[in-house]
Every structure is written in structure tokens, then in C-alpha cells.
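If you count the sequence shown from 1, position 73 lands on 78 in this note's numbering, and the numbers rise without skipping. Quick reminder that beta carbons are idealized off the backbone N, C-alpha and C, glycines included. Following: one structure in C-alpha cells, then a few remarks.
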Amino acid sequence: MAVRVVVGTQWGDEGKGKYIDMLAKNSDLVVRFSGGNNAGHTIVADGVKYALHLVPSGILHKGRVCIIGNGVVVDPAVLIKEMNDLNGRGISTDNLLVSDRAHVIMPYHKELDELQEKFRGNNSLGTTKRGIGPAYADKTDRCGIRMCDFIDSEEFALKVKENLRLKNQLIEKVYGGKAFDADQIIEEYTEYARILRNHITDVNAFIADAVDAGKEILFEGAQATFLDLDFGTYPYVTSSNPVAGGVCTGAGIGPVCIDEVFGVLKAYTSRVGSGPFPTEQNNAIGDTIRELGWEYGTTTGRPRRCGWLDTVMIRYAARVNGLTGLAINHLDTIGKLDKIKLCTSYIKDGAIIRHFPASLKELAKCVPVYEEFDSWKEDISGVRSFEELPANAKKYLLRIEEFVGVKIKLIGVGKDREQTITV
Ligand code: GDP
Ligand code: IMO
Ligand code: MG
């Protein structure tokens with residue numbers, strides 16, 4: 006039996022979906038524990054591409070039970086569409102369960118996300134505008150609507166009306182937006198509740214029983230360490246805890262149940278949205294990486310900012326997640342450049358530092374220190390063992406391990422789930 010967690014170590018889009026799909030093959034249960042449809046996980050299976058936002062990436066394997074945990078915020082319309090799309094492609098969603106404690110993304114959350122971003126002007130966070138932040142804000146403000154309320158028509162109507170008393174004032178009077186009609190929302194969401202009702206249950210008891218029964222359980226991280234509300238580049242973060250600790254609160258298991266934590270990274274770094282990025286290459290190198298790696302957002306289609314791999318970040322991610330292994334992607338992509346740089350530390354105020362500062366002002370003073378590597382410029386997309394990799398690729402990987410202090414267990418050499426080296 007093993008309980009495994011897959012988390013992102015950078016700013017998201019590291020290729021978590023690909024590894025979750027791969028590990029799901031031998032898992033009984035795949036559980037999402039944080040975030041919402043701000044996530045976009047791409048899986049390429051036998052040349053066919055799938056982009057999942059809410060449904061756990063284990064769904065492509067027949068018979069796996071896929072769970073959306075209490076730590077996730079769920080937009081019912083998006084979930085239904087995603088389920089329909091999968092069904093239309095011959096993939097069953099009968100085994101999909103949603104926690105009755107998960108919070109519902111409401112139309113006013115999406116509207117507020119838009120309006121708040123506009124209000125921030127030049128200081129906007131670059132959110133996905135999916136209502137994620139406002140939904141989590143209501144959760145902590147104790148006025149959120151949970152799945153158990155969503156399927157209880159009486160309770161739902163009361164909660165919508167109560168919420169709109171304040172939200173409509175805020176939308177109209179502060180942000181100059183248009184008020185929502187309670188009855189319209191209730192009608193629309195009642196239909197969603199009818200469709201989803203059979204999937205909504207006490208998944209926490211289900212997960213606990215699976216742990217007790219010694220089942221293989223995989224926890225699917227969304228977003229990443231540097232988007233974490235506590236450990237990321239605040240305020241340029243998402244509103245949940247995508248780090249491994251989020252599994253305990255977002256799915257309801259004790260920390261000692263977890264056996265393995267895989268940290269996924271790219272052989273370079275990318276970021277979508279605003280915020281600091283020490284090794285960013287806002288130049289021809291960054292443009293080349295973007296085109297070679299096809300770095301455009303799975304959720305919003307925005308071009309991703311690209312730069313060199315930063316081991317200060319990955320070492321920090323190893324610590325806050327308790328990583329037991331690294332899974333690195335896009336080794337094929339980075340090998341197409343002439344030279345590769347790896348950030349090994351920062352220089353701040355004349356001194357070398359090896360930690361990631363909390364203050365964005367301090368972070369802005371950090372100048373990356375790089376080691377340069379010769380590239381390999383060979384097609385490695387067909388390589389399936391570490392030994393077969395070009396010498397320069399091995400050198401690069403071993404140096405990453407050395408700086409991070411965690412072993413590389415999986416290496417991605419292409420988009421397809423089969424294009425993986427297990428070390
Ligand atoms: P996630 O959000 O962490 O699941 O990652 P995304 O799916 O948003 O972004 C990862 C992108 O990289 C997707 O387009 C993947 O198909 C692609 N990808 C993943 N691993 C590799 C790899 O090893 N090589 C290449 N060339 N592409 C990869
Ligand atoms: P996956 O799971 C990359 C970013 C947004 C924005 C910030 C806040 O695919 O790795 P939000 O809508 O969450 O309030 O936006 O977080 N962001 C992501 N960036 N990958 C993701 O998920 C992301 N989820 C949120 O771009 O900068
Ligand atoms: Mg993504």
C-alpha cells in the first residue's frame with residue numbers, strides 16, 4: 006500500500022497531469038485536494054490530448070475512483086461540461102465523487118474576481134478570473150456555500166439570498182457592476198444540483214476507509230508551491246494551499262498516512278500571471294523556450310513567462326512539501342538550446358543567499374548566480390533509461406539533484422505519458 010502526493014514545485018504547469026495520469030494506472034483512488042478550475046492539466050495518451058481542469062487526471066484509467074476533495078472550490082457548470090466532454094470521448098465519469106464539504110463557486114464570485122482585478126489596475130494579480138479567490142474568501146469568511154447546501158434546495162435558496170444582500174451592494178456600489186437576481190441563480194444552480202446530486206457524498210469517510218484498507222491512493226496537486234497562499238510569492242499567489250500539507254486539510258487525512266511526495270518541476274521555469282520571477286528571461290532566450298516548450302496556458306491560453314531553472318526555489322519546495330522524489334519534465338525542450346543556465350543561489354546586498362525570501366522587496370534585490378552547461382542538442386524523445394541519456398543531460402540532472410538534495414525519480418522527454426524515464 007502507498008499513499009502518494011504529486012505537487013508542483015514552481016508556479017504551476019510543471020506537467021503534474023502527465024505524472025498523475027501515469028501513477029493513476031496503479032492507484033485505486035485519485036483525489037484532488039486544492040484549487041479549482043484555475044488548474045489546467047494536460048495529458049497526452051497515445052497521441053490524444055486531454056485538458057482537465059476539475060476532474061482528477063486519474064479519470065482516463067477505467068475503474069479508478071476519482072475524488073474532488075473538500076479543499077477544492079467547484080464551479081458546477083464547469084464540472085458538468087468537463088464530465089460531458091469526457092463522456093463524449095468515451096470516458097466514464099460514473100466513478101467521480103465530490104465532497105459534500107467542498108465549496109461552490111457562485112456567479113458573483115466570478116464577477117467579483119473580474120471586478121477586483123480591474124479595480125487593482127496596474128497592481129492586478131493576473132488571476133484566471135474563475136472566481137477562485139472570492140470563493141475561498143467566502144469560505145474563510147464563513148459565508149460560503151458548500152456542496153451539502155447546494156443539493157438542499159431550501160438551504161441553498163436561503164444562502165443565495167443571504168449572500169446577495171451584501172454581494173449585490175458590493176458589486177453595484179463599490180465596483181459599479183450589475184447586481185445579480187437571486188431567483189435566476191437559484192433556478193440555474195437547481196438544475197446543476199439535479200445533475201450532480203448522485204456524485205456528491207461524504208468522500209472523507211470513503212478516503213479514510215481506503216487508507217484503512219491499504220489501498221493505493223494518489224493525491225493530485227494543482228497549482229504549485231510558489232502559488233501557495235502561505236509559501237508562495239504573496240500576494241501573487243492563488244487562494245489555497247497546494248503544498249503537500251494541503252492534502253491533510255483538503256482531503257481529511259492525517260499527515261502520517263503519506264508515504265511519498267513527488268515534486269514536479271520543469272527543466273526550466275515558467276509562470277503565467279503577474280509577480281516576481283528571479284530567473285525570468287524576458288528576452289530572446291525566454292521567447293525561444295516558450296516556442297520550443299509550447300508554453301501557453303492550458304486554462305487561459307496566455308503566453309507563459311519563461312526563464313532558467315532555479316534550484317533555490319526547488320530546494321525551498323523540497324523543504325515545505327517534504328519531497329521524497331523529483332519528477333522533472335521538458336528535458337527534451339531544454340536540450341534544444343545551445344547553452345543552459347542553472348541558478349544555484351542568489352546574491353543579495355553583496356552576500357550569497359540560498360533561501361527564498363518572504364519579502365518581495367528583498368526578493369527583488371536578489372540576483373541569480375548561474376552555472377552554465379553545454380547542451381546536448383539530440384533528440385531524446387525516444388530515450389527510456391537514464392543510462393541512455395546524452396552525457397551533458399546526465400550532468401545537468403545530477404547537478405540539479407546535488408543542489409536540491411532530493412533524488413530525481415521521473416524524467417519527462419516528451420508530452421506523451423509514455424515519454425517518461427523511471428530512474
Ligand atoms: P500541469 O498543470 O502541471 O498539469 O501542466 P500543464 O499541462 O498545464 O503544462 C505542461 C505542458 O507541458 C503540457 O503542454 C504538457 O503536454 C507538456 N509536457 C509535459 N511534460 C513534458 C515533457 O517532458 N516534454 C515536453 N516537450 N512537453 C511536456
Ligand atoms: P495548474 O494546476 C499556473 C495563477 C494565475 C495567477 C494566480 C492567481 O495548471 O498548475 P487564481 O485564478 O488562482 O486566483 O490566480 O495563480 N494560477 C496558475 N498558474 N498553473 C495553474 O494551475 C494555476 N492556477 C492559478 O495565473 O497568477
Ligand atoms: Mg496547468
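- Exclusion of the five residues before and after Ala-7 leaves Glu-221, Asp-264 and Glu-265 as the residues of its chain whose Cβ lies within less than 7 Å of its Cβ.
- Taking 8 Å as the cut-off, the Cβ atoms of Thr-254 and Leu-102 do not count as close.
- Taking C-beta separations shorter than 7 Å and ignoring five residues to either side along the sequence, the partners of Ser-279 in its chain run Ser-129, Leu-130, Gly-131 and Tyr-241, following chain order.
- When secondary structure is reduced to three states using DSSP, Asp-33 falls in the coil class, being assigned neither helix nor strand.
- Secondary-structure assignment with DSSP links Leu-57 through a beta bridge to His-46.
- No Cβ-Cβ contact shorter than 8 Å links Gly-136 with Lys-164.
- Around the beta carbon of Thr-427, a 10 Å sphere encloses fewer than 16 other beta carbons of the protein chains shown; the residue is thus reported as exposed.
- Here the C-alpha atom of Asn-168 lies approximately 10 Å from the C-alpha atom of Phe-161.
- Remark: the shortest separation between the CB of Leu-368 and any heavy atom of the ligand IMO does not fall under 7 Å.
- Unbroken beta strand (DSSP E) stretches of 3 residues or longer found wholly inside the stretch 223-272: 265-271, given in chain order.
- Per DSSP, the continuous alpha helix (DSSP H) segment holding Ile-137 begins and ends at 137-145.
- The beta-carbon distance between Gly-68 and Asn-100, rounded to whole angstroms, is 7 Å. This is short enough to meet the 8 Å contact definition.
- No heavy atom of the ligand GDP is found nearer than 7 Å to the CB of Val-77.
- Counting only residues of its own chain and dropping the five nearest sequence neighbours on each side, Ala-140 has a CB closer than 6 Å to the CB of Val-78, His-108, Ile-110 and His-114.
- Under the DSSP assignment, Lys-220 falls outside any alpha helix (DSSP H); it carries neither an H nor an E label.
- Between the C-alpha atoms of Val-35 and Gly-291 there is a straight-line separation of about 35 Å.
- Here Val-261 is exposed, its C-beta having fewer than 16 other C-beta atoms within 10 Å.
- With a cutoff of 8 Å on beta-carbon distance, Ala-229 and Thr-14 are scored as near each other.
- Taking a cut-off of 8 Å on C-beta distances, the stretch 362-370 does not touch the stretch 299-306, as fewer than three cross pairs fall below it.
- Of all alpha-carbon atoms in Asn-397, Trp-313, Leu-120 and Ile-385, the one lying nearest the alpha-carbon of Glu-177 is that of Leu-120.
- A residue is called buried once 16 or more other Cβ atoms fall within 10 Å of its Cβ, and Lys-271 is buried on that count.
- Between Arg-422 and Asp-18, the gap from beta carbon to beta carbon reaches 8 Å or more.
- Here Tyr-351 is bridged, per DSSP, to Ile-358 and Pro-373.
- Classified as exposed, Lys-183 has fewer than 16 neighbouring CB atoms from the shown chains inside 10 Å of its CB.
- Closest by C-alpha distance to Arg-147, out of Gly-268, Arg-9, Arg-106 and Val-269, is Arg-106.
- In the DSSP assignment, Arg-276 is bridged to Arg-310.
- Three or more beta-carbon pairs separated by less than 8 Å link the stretch 389-408 to the stretch 328-342, which places the two stretches in contact.
- A contact is defined here as three or more CB-CB pairs under 8 Å, and the stretch 55-69 meets this definition with respect to the stretch 36-45.
- The set of residues with any CB-heavy atom separation to the ligand MG below 5 Å comprises, in chain order, Asp-18, Gly-45 and Thr-303.
- With 16 or more other Cβ atoms inside 10 Å of its own Cβ, Glu-87 counts as buried.
- Proximity of the beta carbon of Trp-381 to the ligand IMO is not indicated: no heavy atom of the ligand is located closer than 7 Å.
- A distance below 6 Å between beta-carbons, with the five flanking residues on each side excluded, links Glu-383 to the following residues of its chain, in chain order: Pro-395.
- A straight-line Cα-Cα distance of about 6 Å links Ile-385 and Val-418.
- Using a cutoff of 7 Å, the CB of His-360 does not count as near the ligand GDP, since none of the ligand's heavy atoms is closer than that.
- Boundaries of the alpha helix (DSSP H) around Ala-323: 316-326.
- Annotation for Phe-231: Gln-15, Trp-16, Gly-237, Thr-238 and Met-318 place their beta carbon closer than 7 Å to its own, counting only its chain and skipping 5 residues before and after.
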